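Engineer: One structure, as structure tokens, below. Some questions next.
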Amino acid sequence: MSTSPLEPVSHRPVAAAAVPGSGGATPATLASEYEVTASAGAATKLRPVREIGPTGRPRPKLRDPKPLSEHGPAVVLALCNQKGGVGKTTTTINLGAALTEFGRRVLLVDFDPQGALSVGLGVNPMELDQTIYNALMERSVTADDILIKTGAGMDLLPSNIDLSAAEVQLVGEVAREQTLQRVLAPVLGDYDVVLIDCQPSLGLLTINALTAADGVIIPLECEYFSLRGVALLIQTIEKVSERLNPQLELEGILATMYDGRTLHGREVLARVVQAFGDKVFHTVIKRTVRFPETTVAGEPITSYASSSVGAAAYRDLAREVVARCLAE
Ligand SMILES: Nc1ncnc2c1ncn2[C@@H]1O[C@H](COP(=O)(O)OP(=O)(O)OP(=O)(O)O)[C@@H](O)[C@H]1O
Ligand SMILES: [Mg+2]
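Position in the sequence shown (first residue = 1) + 4 = our numbering.
What follows is the structure, given as structure tokens:
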């Protein structure tokens, strides 16, 4: 990645994001996104050809991904943001579950010592003898040795508090940044997508996740301080891309915990689109109590509340992710 997504758009006039459908678009793209509904004497009226989504841009028609006849090798995506509680784990579980519904083989990697991803899939991490920590630190332990088949149809490499020691212990290792990549390499052929749930930090574990990944998805909470720290995150992604993993791409920014009824929520989302333009997914995850409920239930929203707005949103996100970066 050569330039920061913050740079090309930072000089855009604020008004650009307020124009429905513009998102900083050029007149040519605007013309193709609107149709004339009245002219000849009357004032010309423009109607958007496509429905305007919450990001202020016309929503693309998202179709279901085609079924795959062959599986693998996997595209590895890291869910990353050093800010805590922005929806990384929730997105890992529910994007994974929606991709599973679309016939993709999904491996989830719990890369946070809190073990919230494991808990969210009904696994008690404290009862596990071996976790991702052992696969990272012991050459004799493979990903297959620690792999758990969850009820949600996805496979999981679990984690627990042991992983916090790896951050310190890995420092002395040769090729310390490539440790997770080495663990994942033998199983990539078995999956279509691997989602890594990162912990809220930019330490060595997160660098390992970025080194193992093809792409990064940044969940961003729609609240005032959400953009703080994102520049540092983007810089970190760029450094990893330059020094360790040239194929790493920022795949998208996902607006989470959105409340479209408040002016504040709408303003924050407009600022995010203003800053990141087309990197922002059209799908926006609304704030709803259904998500905390799913954690207690230990299952994805796509099965816990299959016809809910939240489940539909993560299915839309899965359609977008497939269109952006997965094989069809
Ligand atoms: N769209 C949403 N609406 C309401 N609550 C949500 C939403 N998404 C996530 N939550 C809740 O917010 C809390 C934080 O979400 P989550 O654990 O996914 O964030 P995180 O970024 O993984 O946090 P951490 O940085 O601690 O790992 C959880 O209780 C979760 O259930
Ligand atoms: Mg988390």
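We put the CB at the ideal spot given by N, CA and C, even for glycine. Note that the structure is predicted; figures quoted are calculated from it, not measured.
Give the straight-line distance between the Cα atoms of Val113 and Thr48, rounded to the nearest whole angstrom.
Structural biologist: Using only the alpha carbons, I get a separation of about 54 Å.
Engineer: At what residues does the alpha helix (DSSP H) containing Phe229 begin and finish?
Structural biologist: Where Phe229 is concerned, there is no enclosing alpha helix (DSSP H), given that its DSSP letter is neither H nor E.
Engineer: Please tell me whether, using a cut-off of 7 Å, the distance from the CB of Met158 to the nearest non-hydrogen atom of ligand 1 is below it.
Structural biologist: Checking the Cβ of Met158 against ligand 1 gives no.
Engineer: Whose CB is closer than 6 Å to a heavy atom of ligand 2? List the residues in chain order.
Structural biologist: Per the Cβ criterion, the list is Lys92, Thr93, Asp116, Ala120, Asp201.
Engineer: Find the nearest neighbour of Lys153 within the set Thr298, Leu111, Val326, Glu225, judged by alpha-carbon distance.
Structural biologist: Minimum Cα distance to Lys153 is reached at Leu111.
Engineer: Mind checking which residues open and close the beta strand (DSSP E) that includes Leu330?
Structural biologist: Looking at the DSSP string, Leu330 is not in any beta strand (DSSP E), and its letter there is neither H nor E.
Engineer: Measuring straight from C-alpha to C-alpha, what distance separates Gly28 and Asp133?
Structural biologist: At Gly28, the pLDDT of 41 sits below 50, so the modelled position is not reliable; the number obtained from the coordinates is stated separately. Rounded to the nearest angstrom, the two C-alpha atoms are 52 Å apart.
Engineer: Please confirm whether Gly76 and Tyr195 have their CB atoms less than 8 Å apart.
Structural biologist: Yes; because the gap between Cβ atoms is below 8 Å, this pair is in contact.
Engineer: Hey, would you say the C-beta of Pro64 is under 7 Å away from at least one heavy atom of ligand 1?
Structural biologist: Checking every heavy atom of ligand 1 against the Cβ of Pro64, none is found closer than 7 Å.
Engineer: What alpha helix (DSSP H) runs, 4 residues minimum, are completely inside the segment 110-191?
Structural biologist: List check, alpha helix (DSSP H) in window: 120-124, 136-141, 147-150, 167-173, 183-188.
Engineer: Is Phe106 near ligand 1, with its Cβ less than 7 Å from a heavy atom?
Structural biologist: Result no, Cβ not under 7 Å from ligand 1.
Engineer: Can at least three beta-carbon pairs, one atom from the segment 185-199 and one from the segment 135-153, be found at a separation below 8 Å?
Structural biologist: Contact holds: three or more Cβ-Cβ distances are below 8 Å.
Engineer: To the nearest angstrom, report how far apart Ser163 and Val198 are at their CA atoms.
Structural biologist: Distance between the alpha carbons of Ser163 and Val198 is about 15 Å.
Engineer: Whole angstroms are fine: how far does the CA of Lys283 sit from the CA of Thr321?
Structural biologist: The residue asked about is misnamed: residue 321 is Leu in this sequence, not Thr. Answer to the nearest angstrom: the Cα atoms are 13 Å apart.
Engineer: Quick one: what's got a C-beta closer than 7 Å to Ser270's C-beta in the same chain, skipping five residues either side?
Structural biologist: Checking the displayed sequence, the identity of residue 270 turns out to be Arg instead of Ser. So the list reads Gly264, once near-sequence residues are dropped.
Engineer: Three or more C-beta pairs closer than 8 Å, one from the segment 207-226 and one from the segment 159-176: is that the case here?
Structural biologist: Yes, the segment 207-226 touches the segment 159-176.
Engineer: Does the Cβ-Cβ distance between Asp68 and Arg323 come in under 8 Å?
Structural biologist: Yes, they are a contact pair.
Engineer: How big is the Cα-Cα spacing for Pro296 and Gln251?
Structural biologist: Rounded to the nearest angstrom, the two C-alpha atoms are 35 Å apart.
Engineer: Where does Pro62 sit, in a helix, a strand or coil, going by DSSP?
Structural biologist: Reduced to three states, the DSSP call for Pro62 is strand.
Engineer: Which residue marks the beginning of the beta strand (DSSP E) containing Thr260, and which one marks its end?
Structural biologist: Looking at the DSSP string, the run of the beta strand (DSSP E) that includes Thr260 is 253-260.
Engineer: So, using beta-carbon positions, are Phe285 and Ala213 closer together than 8 Å?
Structural biologist: Contact flag unset, no.
Engineer: Rank Ile97, Ala316, Ile221, Val272 by C-alpha distance to the C-alpha of Gly60 and give the top, closest one.
Structural biologist: Nearest of Ile97, Ala316, Ile221, Val272 to Gly60, Cα basis: Val272.
Engineer: Classify Lys70: buried if its beta carbon has 16 or more other beta carbons within 10 angstroms, exposed otherwise.
Structural biologist: Exposed.
Engineer: Let me check you understand the geometry: is the CB of Thr59 closer than 7 Å to at least one non-hydrogen atom of ligand 1?
Structural biologist: Because no heavy atom of ligand 1 lies under 7 Å away, the Cβ of Thr59 does not count as near it: no.
Engineer: On the criterion of 16 or more Cβ atoms from any shown chain inside 10 Å, does Tyr402 qualify as buried, or is it exposed?
Structural biologist: Outside the shown range of the chain (5 to 332) lies residue 402, about which nothing can therefore be said.
Engineer: Out of Ile305, Lys87, Leu83, which has the shortest C-alpha to C-alpha gap to Thr93?
Structural biologist: The candidate whose alpha carbon is nearest that of Thr93 is Leu83.
Engineer: From the DSSP output, in three-state form, read off Gln203 for me.
Structural biologist: Gln203: coil per DSSP, three-state reduction.
Engineer: At a cut-off of 7 Å, would you count Arg291 as near ligand 1, judging by its Cβ distance to the nearest heavy atom?
Structural biologist: Yes, Cβ of Arg291 sits closer than 7 Å to a heavy atom of ligand 1.
Engineer: What separation, rounded to the nearest whole angstrom, lies between the Cα atoms of Glu303 and Gly157?
Structural biologist: Answer to the nearest angstrom: the Cα atoms are 11 Å apart.
Engineer: Buried or exposed for Gly89, going by 16 or more other Cβ atoms inside 10 Å?
Structural biologist: Result: exposed.
Engineer: Evaluate Leu224 with the Cβ neighbour count: other Cβ atoms within 10 Å of its Cβ, from every protein chain shown; 16 or more gives buried, anything less gives exposed.
Structural biologist: Looking at its Cβ environment, which holds 16 or more other Cβ atoms inside 10 Å, Leu224 is buried.
Engineer: Check whether the Cβ of Met130 sits closer than 7 Å to any heavy atom of ligand 1, and report yes or no.
Structural biologist: Result no, Cβ not under 7 Å from ligand 1.
Engineer: Does ligand 1 have even one heavy atom less than 7 Å from the beta-carbon of Gly256?
Structural biologist: Gly256: no, Cβ never under 7 Å from ligand 1.
Engineer: Between the alpha carbons of Ala235 and Val276, how many angstroms are there, rounded?
Structural biologist: So the alpha carbons of these two residues sit roughly 12 Å apart.
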